[in-house]
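*Asks:* Sharing a structure here in structure tokens format.
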Amino acid sequence: MIAVNRILMSLSGQAGVAAFNVVYNISILCAAISDGTVIATEPMLSSYRSECNLDNIRFTLRLSLFWSGVISLAFAVLLAAFSALASSLFGMREGLELAYTTTGIRVFSLSILPALVNAVFGGYYQAILREQLAYLITFLRSFIFYLVALFLCTRQGMDNFWFVFLIAELLTLFGWVPVAAFSGGMLQLHDIDMSRVTS
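Next up, the structure:
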């Protein structure tokens, strides 16, 4: 937050900082969808993991991705379509503040689905005892690739700054998916002993 605020002050002054705070608050609302999904499914997934019940693990993950994806997609479409209204709800009604915030919300809406996938799989890996993958996702999306995206986007001016969210989430997705795929598959269920399944 300190780094972002300092960069925005040099790029666009107080209008940019104010716009970022609005977009950041909206990102917290969007994160509530994935966080709620993770909180709801982690106890079930960990129970199914201890039962060696692979069918229920797959079903729960599929269900959580589908419904949180539907809700997130609807939210993203609404944000993109009504970005000016969302901006005005936060008090951004005219001038550069409105322009920056409206653009920021529209561009941010593109990152909602990749962020959801990253967050849900992070919680999934945590629940099935693949903590290293969960840590990798969190570390990449909230630190490494966020800083990389920040560096890349701020060199192109304020209009491109908003792609920080999208680039960070996409780079994270492209970072952990190959690691998971080459270390036992996306679901990471390859070494579970199926001779003692409890249901």
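If you read the sequence shown in our numbering, its first letter stands for residue 4, the second for the next number, and so on.
All residues carry an ideal CB built from backbone N, CA and C; glycine is no exception.
Quick caveat: nothing in here was measured; it's all calculated off a predicted structure.
How far does the alpha helix (DSSP H) with Glu134 in it extend, from its first residue to its last?
*Replies:* Here the alpha helix (DSSP H) through Glu134 covers Glu134 to Phe142.
*Asks:* For a test of the three-state rule: what should DSSP assign to Glu172, helix, strand or coil?
*Replies:* In this structure, Glu172 counts as helix in the three-state DSSP scheme.
*Asks:* Using 8 Å for Cβ pairs, my map puts Leu136 next to Tyr128. What's the rounded Cβ distance?
*Replies:* Contact holds; Cβ gap of about 4 Å.
*Asks:* So for Phe85, helix, strand or coil by DSSP?
*Replies:* Of the three classes helix, strand and coil, the one that applies to Phe85 here is coil, per DSSP.
*Asks:* Three Cβ pairs or more, each shorter than 8 Å: is that satisfied between the segment 105-119 and the segment 84-96?
*Replies:* Yes, the segment 105-119 is in contact with the segment 84-96.
*Asks:* If Arg144 sits next to Cys55, beta carbons under 8 Å apart, how far is it from one beta carbon to the other, in whole angstroms?
*Replies:* That belief does not hold up - the Cβ atoms of Arg144 and Cys55 are roughly 30 Å apart, past 8 Å.
*Asks:* Do the segment 113-126 and the segment 88-105 make contact, defined as three or more Cβ pairs closer than 8 Å?
*Replies:* Touching, no, given that fewer than three Cβ pairs across the two stretches are closer than 8 Å.
*Asks:* Report yes or no: is there a C-beta of chain B within less than 7 Å of the C-beta of Leu155?
*Replies:* In summary, chain B is missing from the structure at hand, where a single protein chain is found.
*Asks:* Am I right that Ile60 and Leu48 are in contact with their C-beta atoms under 8 Å? What's the rounded C-beta distance?
*Replies:* Indeed they touch by this definition, with Cβ atoms about 6 Å apart.
*Asks:* Going by beta-carbon coordinates alone, are Ile36 and Ser71 separated by less than 7 Å?
*Replies:* It is a contact, given that the beta carbons lie within the stated cut-off.
*Asks:* Taking C-alpha atoms, which residue in Val26, Leu99, Ala21 and Val20 lies nearest to Phe168?
*Replies:* The option with the nearest alpha carbon to Phe168 is Val26.
*Asks:* Let me confirm a value: Phe164 is counted as buried when at least 16 other C-beta atoms fall within 10 Å, else exposed. Which label applies?
*Replies:* Result: buried.
*Asks:* State the Cα-Cα distance for the pair Gly19 and Glu172, rounded to the nearest angstrom.
*Replies:* Approximately 22 Å between the Cα atoms of the pair.
*Asks:* Less than 7 Å separating the beta-carbons of Leu57 and Leu192?
*Replies:* Yes, Cβ-Cβ distance for Leu57 and Leu192 is below 7 Å.
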